[in-house]
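First the structure, in the form of structure tokens, and then the observations on it.
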Amino acid sequence: MTTLKYLGGYSSSLQQQVQQLIDSKRLGTWLEQRYPAQAQHLIQTDAALYDYVQRIKQQFMRSADPISKVFYDTRMHVIGNALGQHQFVSRVQGSKLKRKNAIKVSAIFKTLPEPLLRMVVVHELAHLREKEHNKSFYQLCQHMEPDYHQLELDLRLFLTLREQGD
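For the sequence shown, counting from 1, position 165 maps to 165 in full-length UniProt numbering; every step adds exactly one.
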């Protein structure tokens, strides 16, 4: 039995189900059925990603601070389960305090299905309002993406499959 590091917080019964899929070499098939390969998204450039994030922000978080930069980061790897990051920079310019918000998303999402990209974008947008991963944070994520928790699990399954080399 392999260590399922991306599923550590989930129940042992779910981990056993995933392990059975891995052992029978069916995890990839199961994910392919949920997310067909022909449904690949077209959000491949930083400009397209910026527009995508702005549309979601406009729909759900009009009054939140503006986002100055959104981009795919080719150097970002799955470290500490981070596949996206938000940055808040405050600078004093004269007598004014200027704030800039940036979001970077791992370039791995260029090849993953769009719903998983949306889940990470929603997660990072939620940090504009809620800095911590608390109940309010996850309620906001679910408001923007009702299937947020299922998509997070599916993303962890994709990462597990990728790590298995299948």
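Using N, Cα and C, we set each Cβ at its ideal position, and we do this for glycine too.
Where His127 falls, given that 16 or more other Cβ within 10 Å makes a residue buried = For the purposes of this step, residue 127 is identified with residue 127 of the sequence shown, where counting begins at 1. Buried, by the Cβ-count rule.
request  = Using a threshold of 8 Å, state whether the C-beta atoms of Phe158 and Leu116 are closer than that.
outcome  = The residue labelled residue 158 in the question sits at position 158 within the sequence shown. The residue labelled residue 116 in the question sits at position 116 within the sequence shown. Result yes, Cβ atoms of Phe158 and Leu116 sit closer than 8 Å.
request  = To the nearest angstrom, report how far apart Asn81 and Val105 are at their CA atoms.
outcome  = Within the sequence shown, the letter at position 81 stands for residue 81. Within the sequence shown, the letter at position 105 stands for residue 105. Its pLDDT being 48, under 50, Asn81 is placed unreliably by the model, and the measurement read from it follows with that caveat. When rounded, the distance between both Cα atoms is 12 Å.
message = Using CA atoms only, rank isn't needed, just tell me which of Pro36, Arg118, Thr111 and Glu124 is closest to Lys69.
response = Position 69 of the sequence shown, counted from the first residue, corresponds to residue 69. Checked all of Pro36, Arg118, Thr111 and Glu124; the closest Cα to Lys69 is Glu124.
ask   = Looking only at C-alpha atoms, which of His41, Gln59 and Asp65 sits nearest to Met144?
value = Taking the sequence shown and counting its residues from 1, one reaches residue 144 at position 144. Residue Gln59 is the option with its Cα nearest to Met144.
inquiry  = Bridge partners for Asp73 per DSSP, in chain order?
reply    = As a first step, residue 73 is located in the sequence shown; it is residue number 73 there, counting from the start. DSSP, once it has assigned bridges, lists Ser106 as partnering Asp73.
ask   = Rounded to a whole number of angstroms, what is the C-alpha to C-alpha distance between Ile79 and Tyr6?
value = Mapped onto the sequence shown, residue 79 falls at position 79. Mapped onto the sequence shown, residue 6 falls at position 6. Legend: pLDDT at Ile79 = 48, less than 50; position of this residue unreliable, no value from coordinates given.
ask   = Should Ile56 be counted as a contact of the ligand GTP given a C-beta to heavy atom distance under 7 Å?
value = The model depicted lacks the ligand GTP and carries no ligand whatsoever.
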